[in-house]
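Shown next, in structure tokens, is the structure this report addresses.
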Amino acid sequence: MSTLHETQLANQKTELGFWLYLMTDLMLFASLFAAFMVLRVGTNGGSSGVDIFNPQYALLETFVLLASSLSCGIALISARFGKLKPAVIYLVITMLLGASFLFLEIREFALLVLEGNSAASSAFLSAFFTLVATHGLHILIGLVWAGALLYSITKKGLQPRVLHKFGLFALFWHFLDIVWIFIFSVVYLIGGLS
Amino acid sequence: MNHTSYRAAVKQYIIGAVLASILTLLAYFFVTQRITSSVTLLSALVLVLAVIQLTVQITYFLHFGADKKPRWRSYSLLFTTLMIVVVVVGSIWIMRNLNYRMNMSPDSMNMYMIDQNKKGF
Amino acid sequence: MELFANLLGRMSLEYFPKEPATIGAAIGMPLAVFGVVGLLTYFKKWRWLWDNYLTSLDAKKIGVMYIAVGLIMLIRGLADTLMLRLQTAVAVGDQAGPFSTDTFQQVFTAHGTIMIFFVAMGLMFGLINVALPLMLGTRDVAFPLLNSISFWLFAAGMILINFSLIYGGFSNGGWLGYPPLTELQYNPGPGVDYWIWSLQIAGVGSLLSGINFFVTIIKNRAPGMTFMKMPIFAWSVLVTTVLIMLAFPILTATLAMLSLDRTLGMHFFTSLAGGNPMMYINLIWAWGHPEVYILVLPAFGIFSEIVATFSRKALFGYKSMVIALCAIMVLSFIVWQHHFFTMGAGANVNAFFGIMTMIIAIPTGVKIFNWLFTMYRGKILFASPMWWFMTFVVTFTLGGVTGVLMAVPAIDYQVHNTLFLVAHFHNVIIGGVVFGYLAGVAYWFPKMFGFTLIERLGKLSAALWQLGFILAFMPLYALGLMGAVRRLDHYTDPAWTPFFIVSGIGVVIICGGVFVLVLQIALSIWKRKSLKAGGDPWNGRTLEWSVPSPAPSYNFAVIPHVSERDEWWHRKQHKLAHAIDHYQDIMLPKNSSIGLIIGGLAGIAGFGIIWHIWWLSAIAVVAIISTVIIRSNVEETEFTITAAELKNAEAKL
């Protein structure tokens, strides 16, 4: 088995590697943001941001996600301090809040599609749906990851390996909340201005 | 691992969440109450608030990590942000320029070219 | 029956190739593959291949696989070139060429796509894998499993795009697939989708490699090797990985948006419904420009090592080389608009990007001068790698100069999308990238396999490439200035035909150069006993030459402690003894088929999306996620080489 030093070094590498991956993900979102900013004028005579964006609804989504980010942080700290039960409880809360966020988002999309505003209607809507849904897809993958993590914790306890992965998950989850700040600000708030 | 206690660590997160909430609410109210009629100014304010919240979340939510030196996280984040600004602002600049020049009616194009001619282009 | 038809998406008999050229390729390629499979079976080498290469997590083995794919794809891409030049030499005035317009478009698309994504990227990642860990004094890259996954994603992309020749047809949209031609309205068939997904899959592999090599350089260096003491090749790779990490996500996003347009009927880049095709061009070049620097910077790094080694002198101006690399890293992100000066932006935009483009030539110029100053007063040995350098320095500089010419927007309006442009980028890509990576293969081949390549054939290959290049592309500069537009399968002016014929002859000579290269490799393998090389056949300067050839799986029995730049040269000069007093247990990664599995599943997922077989893609994606989760729960991923075993192995070497 590896020495403690070797494990620490390996963990540092994974942390750096994962952080860099998050940077590349930021660039991906940036490209989608750029597309949204440029294509939002292409409404094809149909709905524009003012017509379809509901700031209150978006605010609700924002707080749900922010709350999940907070519970994720508390779960991580609990895990690092060896408190198994709070770690599990707060991780489950994170997952429930994340799932609620997704539910709210899917509901918003469904309503839009039902009233005739689908992604295939105009460039603006294509850009909107794609940017927000890409974020949603990341949340979904995060939920799957959290599930796998939950399984690991309940089965193996708070081993160093598990803690390390928990840290990476928390990074991912916080990062997604940070991206959402910009989606909320740029798409829903600024994009909803006439 | 920092030598902060459990309670202190959780407190950091709660402070961060509260600050983030305040910044979110501020941006929300600025827009829904339309505190200024200028769209540009409003957009700039919202963006500034977003960037501040970004810093808040990075400080309180993300800097609770292990490896503080050397500062690869900060360098890479800074450089990535710089490149994001270049690509996004650059794209918007280029495309707005293109759209403006390419989407005119023939008469407008005529006037535009005469005008550019006068400027020496 | 209806359900069965739906299960196969939009597959149908109409998508088999219909023209002689495409039918030939569709038959020839599988034949070649079956031939290889047959040989492997006959010589009972499957186990060996599986254990030693396919499931190996050793960067050196993965590197060899990348290089093999790259070289095979080079031959494939040159076949395309022969067809293109044959067509343009013949099709003038009333005379029709041997290929239909549709075939011609597929051929130049295939040519560009394969050369950039599978030859250049393949050779690049291959050489980095082979040389970088050894140069850094470490055992492997930071994430060996990820390395394998990257390779298999690359291979999956390569297989997918070549499969389009057999069934579906190649894209006809050029190597960058501009809309609206590549949108559903004008291109409803699967060709463009093959192109999109093959690049998406390979692109993810590249991105992961970028992260992998960056962390390797930051975290895996031998103790004592500070940044300013590491080989300049490592610096060039470091800068390249930054470019990869920041640029490839743009490609991923843009290809995804095009794919959404095509699969879900969205309107990012369509001509109607508010879409903006120009935005695609903007985004794709925001990736595309860093991409060409990604291709060329490691080649520069290789030449830095080669010039220093064969001039028996330390690289001149190491520090300025580093600064130049960092300058290029930043500048390469603010020049991209020069690829579409004529798309309609105003003078301000064009001027800004034009000036930035001219500025980026400066650090490159610094590098050229540094190489020349390194040679000055050196004791130069003109081994084959140096022959490649000589061809590079002349060819690339010329190409760079024509680039600066086109950086002036007003001039670019004259030559944009003419054969002048085609000549320019081939000038820098062949001069810089191809010559650089062929030099790298010649240089590091002994380290990979334990015997050198036959020198005379290597020099002949370089000479043929140089001569062939001049004949193939100088006429194109002239043609471009005379007004010849690119990508046309037929020209009207018979006065141009001699130029095309000369160019065709040049291509044939280049093919001769590649033929000699293949001959060189084959003959060298045959005569390998008489070409046996020790650890240091070139009297090298850097740490890879301090281990035997081929390098043992663990690279270094004991990780060296580094005190100088060009550490190996320093040790030789000061006759520092290789006193290895005590060995310790080493842990190396076990073989793993995860990379193969993920690559295969990714290919299947892509295939499903292309043909609208949604259930297939869904299953494949779920399988990939499951594989990742299952693997993450595996604890025992390494095996130990005990100190005693190590001592025995070292004694045998």
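Chains as they are written, first to last, in this note's numbering: chain G, 5 to 198; chain H, 1127 to 1247; chain L, 502 to 1154.
Every residue, glycine too, gets a C-beta built ideally from N, C-alpha and C.
Given the structure is predicted, the values throughout are model-derived calculations rather than measurements.
For the segment 1210–1229 of chain H, the set of positions with a beta-carbon nearer than 7 Å to some beta-carbon of chain G reads Ile1210, Val1213, Val1214, Ser1217, Ile1218 and Met1221 in chain order. Burial state of H:Phe1155 is exposed, judged by a 10 Å Cβ sphere holding fewer than 16 other Cβ atoms. In the DSSP assignment, L:Phe834 falls outside any alpha helix (DSSP H) and carries neither an H nor an E. Residue pairing of L:Pro1090 in beta bridges, as defined by DSSP: L:Glu1139. At a cut-off of 7 Å, the C-beta of H:Thr1162 has no neighbouring C-beta in chain G.
Excluding its 5 nearest sequence neighbours in each direction, L:Val593 has C-beta neighbours in its own chain below 6 Å: Tyr992, Pro995 and Thr998, listed in chain order. Between the alpha carbons of H:Met1228 and L:Glu1065 lies a gap of roughly 58 Å. Apart from the 5 residues on each side of it in sequence, L:Leu920 sits with its Cβ closer than 8 Å to the Cβ of Leu977, Tyr978, Leu980, Gly981, Ala985, Val986 and Arg987 in its chain, given in chain order. Inter-residue distance for L:Ser821 and G:Gly53 is about 51 Å (C-alpha atoms, whole angstroms). Non-local beta-carbon contacts of G:Val42 in its own chain, meaning distances under 7 Å to residues more than five positions away in sequence, are absent. Collapsing the DSSP output to three states places G:Val45 in coil. Annotated as proximal: L:Met616 and L:Gly578, with beta-carbon spacing under 7 Å. L:Tyr992 sits in a strand when the DSSP states are folded into three classes.
Bounds of the alpha helix (DSSP H) holding G:His142 are Ala127 to Lys160. G:Gly146 and G:Trp177 have their C-alpha atoms spaced approximately 7 Å apart. For L:Val740, no Cβ of chain H is located within less than 7 Å of the residue's own Cβ.
The Cβ atoms of L:Ala723 and L:Val642 lie no closer than 7 Å to each other. Beta-bridge analysis with DSSP links L:Lys1033 to L:Phe952.
Residue pairing by DSSP places L:Thr919 opposite L:Val986 in a beta bridge. In the structure shown, L:Val1059 falls within a coil segment according to DSSP collapsed to helix, strand and coil. With respect to L:Val740, L:Leu826 sits close: the two C-beta atoms are nearer than 7 Å. Chain G has no Cβ within less than 7 Å of the Cβ of H:Thr1185. In terms of Cβ geometry, G:Leu32 and L:Pro791 do not form a close pair [threshold 7 Å].
Across the set L:Val1122, L:Ser962 and L:Glu1139, the C-alpha of L:Glu1139 shows the shortest separation from the C-alpha of L:Ser557. For G:Tyr61, the nearest beta carbon of chain L is not closer than 7 Å to its own beta carbon. Counting along the chain, no alpha helix (DSSP H) covers H:Thr1162, and no H or E run does either. Taken in chain order, the complete alpha helix (DSSP H) segments of 4 or more residues contained in the segment 583–646 of chain L are 602–614 and 622–636. Only those residues of the segment 21–34 of chain G whose C-beta falls short of 8 Å from the nearest C-beta of chain H are listed: Trp23, Leu24, Met27, Leu30, Met31 and Ala34. For the segment 838–881 of chain L, not one full-length beta strand (DSSP E) segment reaches 3 residues or more. Chain order gives no chain L residues near H:Phe1155, where near means a beta carbon separation below 8 Å; the closest approach is about 31 Å.
Counting the other Cβ atoms within 10 Å of the Cβ of L:Ala1152 gives fewer than 16, which makes it exposed.
For the segment 830–855 of chain L, the set of positions with a beta-carbon nearer than 7 Å to some beta-carbon of chain H reads Phe834, Ile835, Gln838, Met844, Gly845, Ala846, Gly847, Ala848 and Val850 in chain order.
Taking L:Val923 as reference, the option from L:Phe883, L:Ile528 and L:Ala973 with the minimal CA-CA separation is L:Ala973. Interface annotation for the segment 781–813 of chain L against chain H: Asn783, Leu784 and Ala787, criterion Cβ-Cβ distance under 9 Å. DSSP, reduced to helix, strand and coil, places L:Ala911 within a helical segment of the structure shown. Interface with chain G (7 Å Cβ-Cβ cutoff): H:Gln1159 is excluded.
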